[in-house]
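Numbering (UniProt numbering), first residue to last: 1 to 395.
In structure tokens, the structure reads:
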């Protein structure tokens, strides 16, 4: 069978690798000299060389998964193989020096910690329940004991504050480290977890106020939410994206290249065909599509009979076409809308099919699709090894 796509170029692979961040050293693996493309075959097999700072680095599995999933986002990639190595003392010293220089001289691109997993919840069109999915997934992940940020990037169509039952205005406090005021996100405790929420809905007098902003202002607003918010430590940041493939989406890809995208669609063929554009934008921006969620999949009556009100198979068809997993199907259920209207996400207290589906998807994200980064003290061990090598040379 003929291949549909040409294999990637070396520059394309390198750009994809730049989306892989060493969570402890705080820079991408290309900038740190840890990874490079060795070979690309005509049938789409990509060989990557990765040199770890220390052979027993506990972050090896994390780096492996990130590299494989990033490179695999290119449609011309058939397989990814990693050739592992270990840096010598000079290479380790250069990598650590580069990491220190970056930390000292280069201002952070955003205030979102490098250890935070970023999920952009996107769609090709409006009306597919993207905000509802964002809120319920964030709440379900937080309920498992994680700290989850929620950024309402749907500047015109903000609805996250109401769905989470929050209405406080955003305030700013002076940051001692930077010497400038930082916006404090509104917070909500969820069991042992915590939600940190930022939205333009916290900037207006009431929910009916229209924000008449042009494209440049939208991008600047998202930049401010990423740069000037005191997010603090977070396990996840879920971003409720506006529909489409415009300025906000392109700005996010530039500012947070490590973002994973989750695409929401309905079973309708029309929604599925439009959602493909969001996946194409992710590919062109070197973002990984982590999966697809089919919302409003069917209505289940009290007698257990199911009715496909919007058709069948749109989510699975989209997942197959873009080569991403189908994370789950959310049925139509009045409790979902009621939870959004009252500020109590159904994923927290509901026991119906929709609540269970949200919780199952959240568990899948945590355990398999985008697991949280487990810090294991790699750089401390590198410093120790480097110090021993220096002492040996000067002894």
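Every residue, glycine too, gets a C-beta built ideally from N, C-alpha and C. Here the structure is a predicted model, which means the values were calculated and not measured.
Beta-carbon spacing of residue i, residue j below 8 Å
i, j, result
"residue 288", "residue 260", "yes"
"residue 230", "residue 191", "no"
"residue 111", "residue 228", "yes"
"residue 197", "residue 188", "yes"
"residue 181", "residue 173", "yes"
"residue 32", "residue 140", "no"
"residue 268", "residue 310", "yes"
"residue 135", "residue 345", "yes"
"residue 285", "residue 250", "yes"
"residue 20", "residue 60", "no"
"residue 14", "residue 30", "yes"
"residue 125", "residue 86", "no"
Collapsed DSSP secondary structure at residue i in the structure displayed
i, result
"residue 125", "coil"
"residue 143", "coil"
"residue 136", "helix"
"residue 340", "helix"
"residue 279", "helix"
"residue 357", "helix"
"residue 160", "helix"
"residue 306", "strand"
"residue 334", "helix"
"residue 205", "coil"
"residue 367", "helix"
"residue 153", "coil"
"residue 6", "coil"
"residue 15", "helix"
"residue 115", "coil"
"residue 225", "helix"
"residue 42", "coil"
"residue 107", "Residue confidence for residue 107 is low, a pLDDT of 47 falling below 50, so the modelled location carries little weight; the figure read from the coordinates is stated next. It is coil, neither helix nor strand."
"residue 190", "strand"
"residue 84", "strand"
"residue 77", "coil"
DSSP beta-bridge partners of residue i
i, result
"residue 181", "174"
"residue 37", "48"
"residue 329", "294"
Where the alpha helix (DSSP H) containing residue i begins and where it ends
i, result
"residue 69", "60-71"
"residue 319", "314-322"
"residue 20", "Looking at the DSSP string, residue 20 is not in any alpha helix (DSSP H), and its letter there is neither H nor E."
"residue 27", "From DSSP, residue 27 is part of no alpha helix (DSSP H); its letter is neither H nor E."
"residue 247", "247-255"
Delimiting residues of the beta strand (DSSP E) encompassing residue i
i, result
"residue 52", "45-52"
"residue 193", "193-199"
"residue 240", "236-240"
"residue 290", "288-300"
"residue 265", "260-265"
Does the pairing of the region 43-54 with the region 257-276 give three or more beta-carbon distances under 8 Å?
-> no
Are there three or more Cβ pairs, one per stretch, closer than 8 Å when the region 156-176 is compared with the region 193-207?
-> yes
With a cut-off of 8 Å, do at least 3 Cβ pairs link the region 300-318 to the region 55-66?
-> no
State whether the region 330-338 contacts the region 148-161, with contact taken as three or more CB pairs (one from each stretch) at a distance under 8 Å.
-> no
Is there contact between the region 109-129 and the region 355-372, where contact requires at least three CB pairs shorter than 8 Å?
-> yes
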